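Taken in sequence, the protein lines are chains G and F. In this note's numbering, each residue's number is its place in the first sequence (first place is 1) plus 408. In this note's numbering, each residue's number is its place in the second sequence (first place is 1) plus 39. For glycine and all other residues, C-beta sits at the position ideal for the given N, C-alpha and C. The model shown is predicted, which means the values in this text are computed figures rather than measured ones.
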Amino acid sequence: MPKIDLLPLLKISARLLDLHDSKRTLGESTQYQTEDRRGHGDGIYLAIAGEVLEVLQEHGKRSGEEFSSCEAVTQAVRDRIEWARDPDIEYVLNVLSRPSELKFMHSEDGGESHVIGDKETNLVEKAAHIVAFRLSRVGRTALAIAMDNMDITYIEGDVTKLIRAIESGRLTHALGFIERMVDQLRYEQLALISLIERTAGGRRLGQETIVELEIHRETMRRTVELVETAKSRVDEIIRLEVQLTDSVPIGMIKSRVQELAGGIVRYGRELSRFAEQALKVSSSTVRAPSFMDLAKKWVKEVPAKNQVDTVLAVLGPSFPVGMIPMGSDFAGIVRARVEKSQAIMQIDLETFDQPLEEKLADWIEANLEKLRNRLDSGSLMLEQALLEELADTAGNNFFGCLVAALTSPEEWAGGDIEGILSQTLTVAKANEVDVMFSHLELRKRDDRHEESVDDTL
Amino acid sequence: MTPYEMGMVNAFLIKHRKIEDRQDKRGLQREERDLAVILREAPEESIRDLGELLSGQGYEFVTLSSFDVVGVGANSRVYLLVRKADAQCPLLDINRTAERMDAVGGRGVSAKIWFTQLWLLHLDLLYTQRDRSPYERNRWVEATFTKGMFEQAVRGHINGYVRRLNPAEVLNSPVYEALDAEKGADIERYTKRFLDLMCDSGMLEDKGGGVYRQSLLSAVEMKENFDRSLAPVMLDMQSDSSEKTFALAAQQLLMQQSDTEGNAV
């Protein structure tokens with residue numbers, strides 16, 4: 409059974425009670441009056457009160473909310489706190505069972521507000537005629553609040569509650585759970601980002617933070633699965649068109665669950681980033697850089713102009729210069745991508761004919777090795793290429809591609825290439841067709857052939 | 040988002056560097072409110088196109104929500120135009136800083152010296168004095184200082200450090216000369232100009248009553264650009280000081296050793 413933590417309740421109540429009991433009249437000075445807290449200030453009665461409430465809660469659970477005798481309570485409290493004496497425990501029981509009137513403003517259905525008193529403030533209920541006690545309704549609520557752990561580690565429980573609320577069609581409650589979780593996630597994520605930013609500065613964090621990290625990551629992994637379940641429940645309600653009486657529309661729940669899922673995934677991602685960074689950090693004594701020291705240094709050692717300009721260009725103040733471009737400047741220049749994808753979608757694959765340039769590029773790519781090998785081994789002649797392996801290349805445009813490749817060697821050959829063209833007619837068979845052409849030869853340029861090439865071409 | 044709308048967003052961002060999309064419209068210009076709606080309703084693809092456009096101008100287009108940084112309300116967003124450390128922004132002028140610091144003109148170098156020194160001292164208040172690392176963007180909401188604190192820091196720097204330097208050590212230092220020539224009223228005048236121009240350029244926010252706070256834009260740029268701009272300069276400084284520390288330690292050890300040897304003799 410987890411320990412009841414009354415401190416958060418006490419902290420909230422202290423300031424509110426100060427305001428409730430304030431002696432200031434309206435319009436007076438805003439100065440806060442020194443608080444008058446009489447008493448020993450040793451926390452003894454608070455410690456006993458915590459135990460008394462816990463004992464009464466346990467007894468109530470065992471006996472079905474039956475009253476417990478004063479002796480049973482004092483005995484149980486003494487078992488827990490050795491130094492507690494019976495009269496002290498009885499005193500605490502008397503105080504806890506005493507109602508005190510609280511006054512606050514109340515308005516009915518948006519009408520004019522008026523002051524009302526509420527005396528149902530006793531945490532413990534005393535039986536009539538006998539000295540026996542049990543938790544009052546307010547006491548049980550107070551303990552439920554004190555035990556409700558807001559730690560992000562228990563978010564799984566909250567998501568489970570959300571799933572049950574969706575399943576039972578209580579969408580107002582579901583929305584409340586989602587709002588609370590999104591708020592909690594936002595707060596936790598910002599706290600985590602602050603931690604990450606601290607480690608980015610080179611500081612090491614407390615060991616306990618790092619130990620808790622893995623637990624958190626595991627929790628988030630499981631929570632994502634639970635949120636997926638919640639999403640599927642919402643989808644089911646929408647698909648089956650379940651009639652709900654709740655005023656909150658299911659569509660709103662769907663979008664908020666989506667937002668929650670995004671928040672959890674984001675938080676999980678930040679946790680991973682944090683884990684990665686925490687492992688790299690080795691020092692806990694890194695201090696913030698001293699900009700004052702830099703100012704002092706720059707008094708003695710004057711920085712170079714470009715050094716200062718570089719820093720100020722990205723971190724200092726700056727102002728826009730010249731004409732700031734307006735919307736009309738971009739008309740026709742910036743095009744939405746959807747238009748491009750539509751254009752591609754309209755292409756009919758059956759009637760599409762590949763452009764000639766692409767056909768040539770494909771052919772050269774397929775035969776590049778053969779062409780280069782032949783050049784390296786001496787020369788590349790058109791009739792020879794047709795008669796030998798290049799003639800076997802399938803396709804309707806192979807002859808055209810071969811001629812185009814031989815007449816533009818700078819595109820694919822690399823290095824300095826010379827071409828020899830002579831009007832010696834040759835007839836060769838290409839794809840069962842007789843073709844007639846002049847002698848065309850390519851070879852790597854050699855200075856010794858310079859003159860003869862010039863003569864030839 | 041149409042090209043026309045994209046152009047309007049682009050123009051506004053270059054001028055103001057920030058567009059806020061929040062439910063509480065107080066303090067927002069009408070144009071900013073309209074552009075925030077355009078950005079909120081823009082498809083992801085258009086936002087990406089806008090980001091690419093701005094990237095070509097030397098900026099990074101940053102969107103921050105309440106899950107990313109403190110100071111942004113639930114369901115609100117802030118769009119920022121952050122300068123990139125590895126690119127120049129041709130649409131920005133940093134030289135106007137000196138003009139604003141010295142409106143009369145003719146003292147450009149001195150004005151720039153004053154600005155640079157004040158800029159470092161204001162960073163000292165925003166970061167060093169708070170033991171805040173430049174990467175701690177999230178603490179921007181608490182990064183405030185008063186005009187009085189700032190003037191005091193400047194006065195302390197000049198009177199407590201600069202004027203106590205041995206002039207022989209700082210011969211030919213224009214920074215020393217400019218600060219040492221301060222006549223009493225210069226600090227107030229220059230700090231006022233500095234604060235005004237920092238507020239006009241969106242680096243500081245005037246919270247009223249002489250209180251100034253770092254802007255979110257400034258905190259984001261510091262986090263993104265510190266490593267590639269100021270850090271190398273400050274790294275030099277740290278290595279300088281550690282060398283001096285080692286030298287001092289070594290000197291003391293040698294002196295102790297010579298004392299011991301002397302005693303032994």
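Among the options, which has the Cα closest to the Cα of residue i?
i                      : options                       : result
residue 168 of chain F : F/138, F/188 and F/60         : F/188
residue 452 of chain G : G/497, G/532, G/646 and G/729 : G/497
residue 61 of chain F  : F/171, F/104 and F/88         : F/104
residue 196 of chain F : F/249, F/158, F/139 and F/70  : F/158
residue 846 of chain G : G/716, G/826, G/790 and G/583 : G/790
residue 466 of chain G : G/494, G/432, G/551 and G/766 : G/551
residue 779 of chain G : G/821, G/709 and G/631        : G/821
Can you name the start and end residues of the alpha helix (DSSP H) that residue i belongs to?
i                      : result
residue 421 of chain G : 415–428
residue 233 of chain F : 225–239
residue 700 of chain G : 699–708
residue 305 of chain F : The structure shown does not extend to residue 305 of chain F, since chain F spans only 40 to 304, so no value can be given for it.
residue 48 of chain F  : 42–55
residue 602 of chain G : 579–608
residue 94 of chain F  : 83–94
residue 154 of chain F : 147–165
residue 67 of chain F  : Residue 67 of chain F -> no alpha helix (DSSP H), and no H or E assigned at all.
residue 783 of chain G : 764–784
Got a sec: is the Cβ-Cβ distance from residue i to anything in chain F below 8 Å?
i                      : result
residue 708 of chain G : yes
residue 682 of chain G : no
residue 724 of chain G : yes
residue 585 of chain G : no
residue 608 of chain G : yes
residue 727 of chain G : yes
residue 563 of chain G : no
residue 696 of chain G : yes
residue 534 of chain G : no
So residue i is in the beta strand (DSSP E); what residue range does that whole segment cover?
i                      : result
residue 845 of chain G : 841–852
residue 118 of chain F : 116–122
residue 111 of chain F : Note, residue 111 of chain F: premise wrong, no beta strand (DSSP E); not H, not E.
residue 524 of chain G : 522–526
residue 245 of chain F : 243–247
residue 542 of chain G : 540–543
Kindly indicate which three-state DSSP category residue i falls into: helix, strand or coil?
i                      : result
residue 865 of chain G : Any reading at residue 865 of chain G needs caution, since the residue's pLDDT is 31, under 50, leaving its predicted position unreliable; the model's value is listed next. Residue 865 of chain G falls in the coil class under three-state DSSP.
residue 106 of chain F : coil
residue 831 of chain G : strand
residue 254 of chain F : coil
residue 475 of chain G : coil
residue 649 of chain G : coil
residue 513 of chain G : strand
residue 438 of chain G : coil
residue 533 of chain G : strand
residue 431 of chain G : coil
residue 126 of chain F : coil
residue 58 of chain F  : strand
residue 501 of chain G : helix
residue 101 of chain F : strand
residue 204 of chain F : coil
residue 826 of chain G : strand
residue 639 of chain G : helix
Given that a residue counts as buried once 16 or more other Cβ atoms are within 10 Å of its Cβ, and exposed if not, what is residue i?
i                      : result
residue 699 of chain G : buried
residue 679 of chain G : buried
residue 544 of chain G : buried
residue 884 of chain G : Within the shown structure, residues of chain G are numbered from 409 to 865, placing residue 884 of chain G beyond reach of any answer.
residue 440 of chain G : exposed
residue 437 of chain G : exposed
residue 624 of chain G : buried
residue 107 of chain F : buried
residue 448 of chain G : exposed
With 8 Å set as the bound, which would you pick, yes or no: does the beta-carbon of residue i sit closer than that to a beta-carbon of chain G?
i                      : result
residue 158 of chain F : yes
residue 232 of chain F : no
residue 86 of chain F  : no
residue 173 of chain F : yes
residue 189 of chain F : no
residue 213 of chain F : yes
residue 61 of chain F  : no
residue 254 of chain F : no
Measure from the C-beta of residue i to each C-beta in chain B and report whether the shortest distance is under 8 Å.
i                      : result
residue 700 of chain G : Considering every chain present, this structure includes no chain B. Its protein chains are G and F.
Verify the contact flag: residue i, CB atom, against every heavy atom of the ligand HEM, threshold strictly below 7 Å.
i                      : result
residue 256 of chain F : Looking at this structure, you won't find the ligand HEM or any other ligand, since it has none at all.
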